[in-house]
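Participant:
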Amino acid sequence: MKIITGTREEVSKKAAQRYVELLAKKPEAVLGLATGSTPLELYAELARLCAAGEVSFARAKSYNLDEYLGLDGSHDQSYRYFMDNNLFKHIDIRPENTHVPSGFVKDDAEAAQYDAEIAAAGGVDLQLLGIGNNGHIGFNEPLTPYDSLTHIVKLTESTREANKRFFKSIDEVPTHAVTMGIHTVMQARSIILMAFGRGKAEIIKKTVQGRPEISVPASLLQLHTDVTLYLDEDAASLL
Ligand code: GLP
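Encoded structure:
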């Protein structure tokens, strides 16, 4: 794993350059995207670069990692809503080329169609990840199988607690989500993981220095050949 550290702003800008380089080389690249507070500065920088004519997403496609079960794009806590408002409407990507897993799939077989769609689009060139406090990537909670495709998950109470700040109360936080699986993520040609703040330091240490094991999903990224971590000094403080 390659590790890049700096201030939040510096590493977000460096991560943004990965998109500039990739899209210059491959304008039709397939981007795996993520939600959460961590990528917000990266997304703002991509919007700025796009407005400045330094990058174009006009031919790119995107596939998001996850979505809450039962929320559609009109719900202000859905990940579709988040992506539209924090990135898609500020860049030149075509709305029909943006994909977020459906929060209305009925079972895992239907959810796994997402993997087939990604494969048909040529596979993800660059997958962006945040990390949950328990090491989850997307919504792959600890002990998710290594060979998992896009599937329905029951969220852990710690994840619901962590995400309740965005909802009126914990009762409104969905109990389930649909997420790309570990296998789905590992299929990406390159992966970027971003983490900020002291609260992520412990899990970043396990991710980088621990044994790769399914109890810490992000540690499995050690088994991928092209992963770069973009960390602020706090998140990197225990390395
Ligand atoms: C959610 C998302 C993850 C994200 C994580 C961390 O649970 N499903 O994809 O990485 O939160 O969020 P944050 O970036 O706000 O710390």
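Numbered according to my numbering, the sequence shown spans residues 1 to 239. For each residue, glycine too, the CB sits at the ideal point set by N, CA and C.
Out of LEU46, ASN97, GLY210, ILE204, which has the shortest C-alpha to C-alpha gap to ASP232?
Facilitator: Closest by alpha carbon: ILE204.
Participant: Where in the segment 66 to 118 do unbroken runs of the alpha helix (DSSP H), each at least 4 residues long, occur, reported from the N-terminal end onward?
Facilitator: Listed in chain order, the complete alpha helix (DSSP H) runs (minimum 4 residues) inside the segment 66 to 118 are 79 to 86, 108 to 111.
Participant: Of all residues in the structure, which have a C-beta closer than 6 Å to any heavy atom of the ligand GLP, taken in chain order?
Facilitator: Qualifying residues come out as ALA34, THR35, GLY36, SER37, THR38, LEU65, ASP66, GLY130, ILE131, GLY132, GLY138, PHE139, THR159, ASN163.
Participant: Taking C-alpha atoms, which residue in ASN163, ALA120, GLY73 lies nearest to PRO101?
Facilitator: Taking only the C-alpha atoms, the option nearest PRO101 is GLY73.
Participant: Could you give the DSSP three-state label for SER219: helix, strand or coil?
Facilitator: Helix.
Participant: Just the Cα atoms here: how many angstroms apart are LYS13 and LEU42?
Facilitator: Approximately 6 Å between the Cα atoms of the pair.
Participant: Please list the segments of the alpha helix (DSSP H) lying wholly inside the segment 162 to 198, counting only runs of 4 or more residues, in order along the chain.
Facilitator: Whole alpha helix (DSSP H) segments, 4+ residues: 182 to 186.
Participant: Threshold first: 4 residues or longer. Then list the alpha helix (DSSP H) segments lying entirely within the segment 137 to 163, N to C.
Facilitator: As far as the segment 137 to 163 is concerned, its whole alpha helix (DSSP H) runs of at least 4 residues are 157 to 163.
Participant: DSSP state of THR207, grouped into three classes?
Facilitator: The answer is helix: DSSP assigns THR207 an H, G or I state.
Participant: With DSSP as the reference, please indicate the residues paired to ILE4 in a beta bridge.
Facilitator: ILE4 is bridged to TYR230.
Participant: Quick check: the segment 89 to 99 against the segment 53 to 61, are at least 3 beta-carbon pairs closer than 8 Å?
Facilitator: Yes, the segment 53 to 61 is in contact with the segment 89 to 99.
Participant: Exposed or buried, which one is ILE170 when buried takes at least 16 other CB atoms within 10 Å?
Facilitator: ILE170 is exposed by the Cβ-count criterion.
Participant: Is the beta carbon of THR179 closer than 7 Å to that of LEU149?
Facilitator: Result no, Cβ atoms of LEU149 and THR179 do not sit closer than 7 Å.
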